[in-house]
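Right under this line is the structure:
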């Protein structure tokens, strides 16, 4: 996996954040600033309305946008207010999208497909990163040495999230019947606690919590970047239809954040540390070793190929009733209207 290259030393980056993390606006590239401003000029008056959008520690771009107030800046002319709502997992974000509690939410690609295939009226409007955020974790001193050893064991995993789907794929690859594994449906942080407390034998973990567990002696039993689906930014169909001008600004600002994260990885991992309570070294591992934001953000064939494989696991496991639902979900999941306008490939 490609790593983000540090542009400054860790010490310099953290020191520089003393001012930046107070909420002062960070500089944007001329392209990102002009694209967002152009969209602002076209925004109709929405005084008194609210954009409900999530932030999540597994979505570093959302943390940058929230911290620097870029959405509030771009939406000022429209009169619309921004209400930030934290998503604790993909399943949490999906629930909030389904309930209309948020207009835009962050999930793993697999979770977005699961929701769409089961009838949730959401559309993926861009890819925010390519993470290696899920793996199977065992406690210090564990005698488990392979995925095959999980047969007959207790494994913590939050159902409806990438770590859960990662676990299912890993079991299938290892030839382990998933019915022989007892899954404890625990939130990510609770899964870590259960693992280190000895109440489960393994944990399908999620960064940045997983990186924190490593610092406490846990070991990544099994890694496979190919089993991690991308980070999907999703909007409700009603929001995209009724407020396309606002949706365009959201995507424009995400591209502004992407450019900033690529140029300033030190600021990005320091902000992650501040937001999540992780140490700076742990947050640095998450951002520089397990997260790639310098990608083509337009959802397409690459993501579809990956999700098609995961979709078969959904059906085999009973998470989706039929393959036809998966096929329809894949065909109708993406709305590339906004990101196509916002994204300008960089010629290297």
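In the working numbering, the protein residues as written are 865 to 1212.
Every residue gets a Cβ at the ideal spot worked out from N, C-alpha and C, and that includes glycine.
Just so we're clear, the structure is a prediction, and the values are computed from it rather than from any experiment.
(message) Can you determine whether any heavy atom of the ligand MG sits closer than 6 Å to the C-beta of residue 1029, and answer yes or no?
(response) By its list of ligands, the structure shown contains no ligand whatsoever, and the ligand MG lies outside what it can speak to.
Item to complete: Please work out which residues of its chain come closer than 7 Å, Cβ to Cβ, to residue 850, disregarding the five sequence neighbours upstream and downstream, and give them in chain order.
Response: As shown, the chain starts at 865 and ends at 1212. That puts residue 850 outside it, with no answer to give.
For residue 940, name the three-state secondary structure that DSSP assigns.
In the chain shown, counting from the first residue as 1, residue 940 sits at position 76. In this structure, residue 940 counts as helix in the three-state DSSP scheme.
Original post:
Along the chain, which unbroken stretches of the alpha helix (DSSP H) at least 4 residues long are found entirely within the stretch 1135-1183?
Top reply: 1144-1153, 1165-1181
Would you tell me roughly how many angstroms separate the C-alpha atoms of residue 925 and residue 1147, rounded to the nearest one? The residue you call residue 925 lines up with position 61 of the chain shown. The residue you call residue 1147 lines up with position 283 of the chain shown. The alpha-carbon atoms of residue 925 and residue 1147 are separated by roughly 14 Å.
TODO: Report back the beta-carbon spacing between residue 1070 and residue 997 to the nearest angstrom; my notes put them in contact at under 8 Å.
DONE: Taking the first residue of the chain shown as 1, we reach residue 1070 at position 206. Taking the first residue of the chain shown as 1, we reach residue 997 at position 133. Right, the Cβ-Cβ distance comes to about 6 Å (below 8 Å), so this counts as a contact.
| field | Short Cβ contact (7 Å threshold) for residue 946 with residue 936 | value | Counted from its first residue, the chain shown places residue 946 at position 82. Counted from its first residue, the chain shown places residue 936 at position 72. Their beta carbons are under 7 Å apart, which means residue 946 touches residue 936 by this criterion.
Please name the residue in 1111, 964, 1050, 1100 whose C-alpha comes closest to that of residue 944. Counting from 1 along the chain shown, the entry for residue 944 is found at position 80. Closest by alpha carbon: 1111.
- Task: Step through the CB atoms of chain D and report whether any lies within less than 7 Å of the CB of residue 1044.
- Result: Among the protein chains of the structure shown there is no chain D, as only one such chain exists.
- request: Spatial neighbours of residue 967 within its chain, please: CB distance less than 7 Å, with the 5 preceding and 5 following residues excluded, ordered by chain position.
  value: Here residue 967 corresponds to residue number 103 of the chain shown, with the count starting at 1. Correct list, in chain order: 915, 916, 917, 1099, 1100, 1103.
Checklist entry - Can you tell me the Cα-Cα spacing of residue 1265 and residue 1142, whole angstroms? => result As shown, the chain starts at 865 and ends at 1212. That puts residue 1265 outside it, with no answer to give.
With a threshold of 6 Å on Cβ separation, who are the neighbours of residue 1196 within its own chain once the five nearest residues in sequence on each side are excluded?
Counting from one through the chain shown, the residue named residue 1196 turns up at place 332. Result list for residue 1196: empty, nothing under 6 Å.
TODO: Rank 1064, 930, 1091 by C-alpha distance to the C-alpha of residue 1082 and give the top, closest one.
DONE: The residue labelled residue 1082 in the question sits at position 218 within the chain shown. With distances taken between Cα atoms, residue 1082 lies closest to 1064.
Considering only their Cβ atoms, is the gap separating residue 965 from residue 954 smaller than 7 Å?
Taking the first residue of the chain shown as position 1, residue 954 is located at position 90. Taking the first residue of the chain shown as position 1, residue 965 is located at position 101. Contact: no.
query: So, are the CB atoms of residue 951 and residue 969 less than 7 Å apart?
result: By one-based count along the chain shown, residue 951 stands at place 87. By one-based count along the chain shown, residue 969 stands at place 105. Going by C-beta atoms, residue 951 is nearer than 7 Å to residue 969.
Q) Which residues mark the beginning and the end of the alpha helix (DSSP H) in which residue 1029 is found? A) Along the chain shown, one-based indexing puts residue 1029 at 165. Its alpha helix (DSSP H) spans residues 1026-1038.
When the distance is taken between beta carbons, is residue 1171 closer than 7 Å to residue 977?
Your numbering for residue 977 matches position 113 in the chain shown. Your numbering for residue 1171 matches position 307 in the chain shown. Their beta carbons are under 7 Å apart, which means residue 977 touches residue 1171 by this criterion.
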